[in-house]
Every structure is written in C-alpha cells, then in structure tokens.
Amino acid sequence: MRIRQFSHSLSRIAVVSYELEWHLDEFIPPRHFTVKIERGKPVELFRYPEDSRLPGLRTVADPETARGPLSRHVLTMPPRRVRVELIRYRPASRAVLRHIVNRARFYARVMRPNAVAPFLKAQELAGQSSFVVPRLAGNWAEGGVVWMSEIPGRNLRRGLRQGKTPDATLILDGLETLWNVPPTRGTNRPFNLPGAYRRARRSFMHNIQDSCAALRNLNDAAKALDPFIRSWHPSGLAHNDFYDDQMLLLPDGRIALVDLEEVGPGDPMLDVGNFLAHLQGASHFGRKRENDARGAFYHVFRDAALERFRWSERELAFREAACLFRMCTNFIRHPQQGWLDKLEDGLSLVNETLG
Numbered sequence: 001m002r003i004r005q006f007s008h009s010l011s012r013i014a015v016v017s018y019e020l021e022w023h024l025d026e027f028i029p030p031r032h033f034t035v036k037i038e039r040g041k042p043v044e045l046f047r048y049p050e051d052s053r054l055p056g057l058r059t060v061a062d063p064e065t066a067r068g069p070l071s072r073h074v075l076t077m078p079p080r081r082v083r084v085e086l087i088r089y090r091p092a093s094r095a096v097l098r099h100i101v102n103r104a105r106f107y108a109r110v111m112r113p114n115a116v117a118p119f120l121k122a123q124e125l126a127g128q129s130s131f132v133v134p135r136l137a138g139n140w141a142e143g144g145v146v147w148m149s150e151i152p153g154r155n156l157r158r159g160l161r162q163g164k165t166p167d168a169t170l171i172l173d174g175l176e177t178l179w180n181v182p183p184t185r186g187t188n189r190p191f192n193l194p195g196a197y198r199r200a201r202r203s204f205m206h207n208i209q210d211s212c213a214a215l216r217n218l219n220d221a222a223k224a225l226d227p228f229i230r231s232w233h234p235s236g237l238a239h240n241d242f243y244d245d246q247m248l249l250l251p252d253g254r255i256a257l258v259d260l261e262e263v264g265p266g267d268p269m270l271d272v273g274n275f276l277a278h279l280q281g282a283s284h285f286g287r288k289r290e291n292d293a294r295g296a297f298y299h300v301f302r303d304a305a306l307e308r309f310r311w312s313e314r315e316l317a318f319r320e321a322a323c324l325f326r327m328c329t330n331f332i333r334h335p336q337q338g339w340l341d342k343l344e345d346g347l348s349l350v351n352e353t354l355g
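In this note's numbering, the protein residues as written are 1 to 355.
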C-alpha cells in the first residue's frame with residue numbers, strides 16, 4: 001500500500017489517497033481509496049470508483065461496463081475489448097482515465113454533470129486558437145464524461161527538464177490567437193483572481209502563526225499585492241491556468257494544449273505571468289540541471305512576451321508574483337519535511353519578484 005496523494009490544511013482538513021497493489025502473478029488490478037477528514041464533519045471514505053458526485057465514473061472505470069458508453073457516444077461499432085488506465089482522481093471533483101481500444105486511445109475526463117457544458121465551451125474556444133487541441137470524440141452528459149483524442153507528443157515540462165527548449169514564439173502565437181477569439185453567448189464564468197488570492201492568504205495566516213520570518217515575508221508580499229488585487233479585473237478571453245505541464249511539444253515542432261477547461265473571461269497578461277511563475281518556482285526549488293534549463297527559458301519567454309506585447313514590466317511582475325503567491329499554498333496542501341522553511345523561501349521569492 002502506498003500514498004498516492006496527500007493534501008492537508010493544518011487543523012482544518014486532510015485528504016489522503018491510497019493505492020493498493022498485489023504481486024504481478026496475482027493478476028489483481030490496483031485498488032484505490034481516499035479518506036477525507038474535515039474539522040466538525042464525519043470522516044468520508046471514497047472507494048474508487050464509487051463516487052456519488054461523479055455518476056459516470058463507476059461505469060467508465062470498469063473495462064466491461066465501459067464498452068457500453070463508448071459504443072453509444074464515441075465509436076461506431078461496439079468494442080470487443082477496452083483497456084482502462086487511471087491517470088488521476090480527485091474524489092467528488094474529477095478524474096481522468098485512458099481508454100484504449102485496439103490502436104485508438106482516448107482520455108475520458110470524468111466530472112460532475114453540471115461541469116460538462118462549461119468544459120465543452122472551453123474546448124470550443126481553445127479550438128479556435130493556433131494551438132493543437134485534442135479532438136472531441138464524444139460525451140455522455142448525464143454521466144459527466146467527455147472523451148478526447150490522445151495527442152502523441154512530449155510533455156513540455158518534461159522536455160524543459162531534459163533541455164529541450166520549445167519555440168517561445170509558437171507559444172505566444174497560440175496565446176495571442178486564443179485571446180483574440182471573439183466572445184460568444186454562454187462563455188464560461190470569469191476567473192476570480194481576488195477570491196483565489198484571499199483563500200491563499202487565509203491559508204498562510206492559519207498555518208504560519210509560529211514562524212516570524214514567514215509571517216514577515218507574508219506581510220511584505222501582501223502590502224504590495226493587496227492594492228493590485230483590489231484593482232484587478234478580467235479584461236478579455238484567457239486560458240486562466242496556463243503553465244508548462246498543460247502543453248505537449250509535437251514531433252513537427254507545434255505546441256498542443258491539452259488542459260483547457262478554465263478557458264473563459266480573464267486576464268491575458270496573467271496567463272504569461274502564471275507561465276513565468278511556474279518556470280521560476282521550478283527553477284528555484286528544483287534540481288540544478290532542471291534549474292538551469294527552466295531558468296534559461298524563463299528569461300527567453302519573459303523577454304519575448306515583453307517585446308511582443310509592449311507590456312509594462314511592473315504590471316507583468318505583479319501578475320507573476322500573484323501567481324507565485326498562490327503556488328506557495330502547495331507547501332501547505334502537500335506538506336513534506338521542511339515545508340515551513342520552503343514556504344518562507346517561496347514568499348521571499350514573491351517579494352524578490354515584486355522588487
């Protein structure tokens with residue numbers, strides 16, 4: 001048995017996901033279950049794939065029962081055999097599975113049924129950009145399942161770790177064409193940066209009460225960011241969760257965008273700021289070889305964006321710092337040894353970015 005995911009907020013909530021594996025010669029597939037402990041509430045146990053808030057999960061997670069919805073919503077002929085692989089699962093929220101039928105491979109994205117329409121709208125908008133996006137293969141609205149084609153390519157984050165530098169111009173081309181997609185009726189709800197910032201700040205205040213250095217860094221960052229957050233508002237269509245792990249580098253050099261459910265009204269400059277924040281965070285906290293590769297691309301991408309869009313360096317720095325600020329909650333939600341020191345260091349990096 002091993003822990004697959006661990007999310008924790010001190011004195012408030014803990015979510016632990018486990019994976020049970022047997023010896024290979026027993027031919028028993030891995031089992032997954034999650035325990036959720038929240039202050040003032042009964043303990044919840046989720047036995048994957050049983051999840052009342054994801055009604056289609058149980059059906060599409062089983063190779064036998066997955067044949068039904070695949071034949072009704074994706075394929076023209078019923079499949080004789082389906083292979084199912086679990087990619088990730090967040091109890092009561094969403095899951096991603098891989099369905100393999102002969103040589104065809106699909107990602108089955110499982111969500112709450114009311115999230116299907118916004119997801120399809122985001123996919124439609126992203127499809128009008130110059131990014132390569134997964135083809136919509138079918139959807140089962142009542143079950144909350146959307147099937148997307150799998151795109152063969154190298155994960156951009158993994159490529160950067162290995163020194164494979166993408167063309168910054170292609171990424172900026174894709175972003176600019178996405179930002180320029182005409183708005184339509186029913187566009188998804190705007191991104192709420194102030195709400196995300198306030199949640200992060202509350203989490204810090206709750207967890208670093210005994211650390212004078214971390215609290216000092218937090219107060220310095222908030223003093224600079226609070227006025228910016230109060231003045232911020234959505235200004236156009238944006239990706240709203242743009243960073244290296246969301247993309248693939250294809251063999252022909254093109255860029256594929258594979259996670260796109262947050263596309264909607266937002267702040268185009270914040271997309272670039274978020275991308276830079278992830279590069280800088282990984283460069284600061286990662287291994288040396290990765291630091292060098294991603295740190296170098298950080299400067300290439302930042303300079304290319306500023307030259308292309310003629311933005312204020314100060315305005316971009318505010319957005320990058322706000323994204324770094326939110327990213328620092330990972331040290332609380334996924335704690336490891338020395339998490340408080342890393343949080344203090346992360347908040348110091350926010351202040352360095354703000355200058």
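For each residue, glycine too, the CB sits at the ideal point set by N, CA and C.
Please classify residue i as buried or exposed, where buried requires at least 16 neighbouring CB atoms within 10 angstroms.
{"i": "Gln-123", "result": "buried"}
{"i": "Glu-261", "result": "buried"}
{"i": "Gly-253", "result": "exposed"}
{"i": "Val-110", "result": "buried"}
{"i": "Lys-164", "result": "exposed"}
{"i": "Thr-344", "result": "Rather than Thr, the amino acid found at residue 344 in this sequence is Glu. Buried: at least 16 other Cβ atoms inside 10 Å."}
{"i": "Gln-280", "result": "buried"}
{"i": "Gln-336", "result": "exposed"}
{"i": "Trp-179", "result": "buried"}
{"i": "Met-205", "result": "exposed"}
{"i": "Thr-34", "result": "buried"}
{"i": "Asp-51", "result": "buried"}
{"i": "Leu-24", "result": "exposed"}
{"i": "Lys-342", "result": "buried"}
{"i": "Ile-87", "result": "exposed"}
{"i": "Asp-292", "result": "exposed"}
{"i": "Trp-22", "result": "exposed"}
{"i": "Ile-28", "result": "exposed"}
{"i": "Gly-195", "result": "exposed"}
Of all the options the options, which has the alpha carbon lying nearest to the alpha carbon of residue i?
{"i": "Arg-371", "options": "His-32, Ile-13, Leu-257 and Arg-47", "result": "Coverage of the chain is limited to positions 1 through 355, which leaves residue 371 absent and any answer about it impossible."}
{"i": "Arg-103", "options": "Phe-119, Ile-151, Arg-112 and Gly-68", "result": "Ile-151"}
{"i": "Pro-69", "options": "His-32, Lys-164, Gln-128 and Gly-143", "result": "Gly-143"}
{"i": "Pro-55", "options": "Val-145, Ser-11, Gly-281 and Asn-155", "result": "Val-145"}
{"i": "Ile-37", "options": "Pro-29, Phe-46 and Pro-30", "result": "Phe-46"}
{"i": "Glu-190", "options": "Asn-219, Leu-175, Val-84 and Asn-240", "result": "For the sequence presented, residue 190 should be read as Pro rather than Glu. Nearest of Asn-219, Leu-175, Val-84 and Asn-240 to Pro-190, Cα basis: Asn-240."}
{"i": "Glu-44", "options": "Arg-67, His-23, Pro-91 and Arg-4", "result": "Pro-91"}
{"i": "Ala-108", "options": "Ala-126, Thr-59 and Met-205", "result": "Thr-59"}
{"i": "Asp-167", "options": "Asp-244, Ser-17, Arg-4 and Arg-310", "result": "Asp-244"}
{"i": "Val-132", "options": "Ala-256, Glu-26, Asn-114 and Ser-17", "result": "Ala-256"}
{"i": "Met-247", "options": "Arg-83, Ser-11, Pro-134 and His-32", "result": "Pro-134"}
{"i": "Ala-115", "options": "Pro-251, Gln-128, Ala-66 and Asn-188", "result": "Asn-188"}
{"i": "Arg-294", "options": "Gln-162, Trp-339 and Val-350", "result": "Gln-162"}
{"i": "Gly-127", "options": "Arg-53, Arg-230, Glu-85 and Asp-259", "result": "Asp-259"}
{"i": "Asn-219", "options": "Arg-2, Leu-75 and Asn-351", "result": "Asn-351"}
{"i": "Gly-153", "options": "Leu-250, Ala-296 and Ala-282", "result": "Leu-250"}
{"i": "Glu-64", "options": "Ser-348, Pro-79 and Arg-72", "result": "Pro-79"}
{"i": "Asp-356", "options": "Arg-31, Phe-285, Ser-9 and Leu-324", "result": "Residue numbering for the chain in the displayed model covers 1 to 355; residue 356 lies beyond these limits and cannot be assessed."}
With DSSP as the reference, label residue i as helix, strand or coil.
{"i": "Ser-9", "result": "strand"}
{"i": "Trp-22", "result": "coil"}
{"i": "Val-146", "result": "strand"}
{"i": "Gly-138", "result": "strand"}
{"i": "Tyr-48", "result": "coil"}
{"i": "Met-247", "result": "strand"}
{"i": "Ser-235", "result": "coil"}
{"i": "Val-300", "result": "helix"}
{"i": "Glu-261", "result": "coil"}
{"i": "Val-181", "result": "coil"}
{"i": "His-32", "result": "strand"}
{"i": "Arg-90", "result": "strand"}
{"i": "Ile-171", "result": "helix"}
{"i": "Ile-151", "result": "coil"}
{"i": "Phe-131", "result": "coil"}
Which first and last residues belong to the alpha helix (DSSP H) in which residue i is found?
{"i": "Leu-70", "result": "67-73"}
{"i": "Glu-344", "result": "339-354"}
{"i": "Thr-59", "result": "57-61"}
{"i": "Ala-122", "result": "116-126"}
{"i": "Phe-204", "result": "193-207"}
{"i": "Arg-53", "result": "Per DSSP, Arg-53 belongs to no alpha helix (DSSP H) and is neither H nor E."}
{"i": "Arg-314", "result": "313-327"}
Taking 7 Å as the threshold (beta carbon to beta carbon), is residue i in contact with chain D?
{"i": "Glu-307", "result": "The structure shown has no chain D; it contains just one protein chain."}
Where do the N-terminal and C-terminal ends of the beta strand (DSSP E) with residue i fall, by residue?
{"i": "Ala-95", "result": "94-101"}
{"i": "Val-272", "result": "No beta strand (DSSP E) contains Val-272, which is instead part of the alpha helix (DSSP H) from 268-285."}
{"i": "Arg-80", "result": "Arg-80 -> no beta strand (DSSP E), and no H or E assigned at all."}
{"i": "Phe-242", "result": "Looking at the DSSP string, Phe-242 is not in any beta strand (DSSP E), and its letter there is neither H nor E."}
{"i": "Arg-333", "result": "Here Arg-333 belongs to no beta strand (DSSP E); instead the alpha helix (DSSP H) covers 330-333."}
Is there contact between the region 212-224 and the region 78-98, where contact requires at least three CB pairs shorter than 8 Å? no
Does the region 326-333 come close enough to the region 298-305 that 3 or more CB-CB pairs lie under 8 Å? no
Could you tell me whether the region 129-143 touches the region 112-120, using the rule of 3 or more Cβ pairs below 8 Å? yes
Please confirm if the region 262-279 is in contact with the region 216-235, defined as three or more CB-CB distances below 8 Å between the two stretches. yes
Below 8 Å, can you find three or more Cβ-Cβ pairs linking the region 315-324 to the region 221-228? yes
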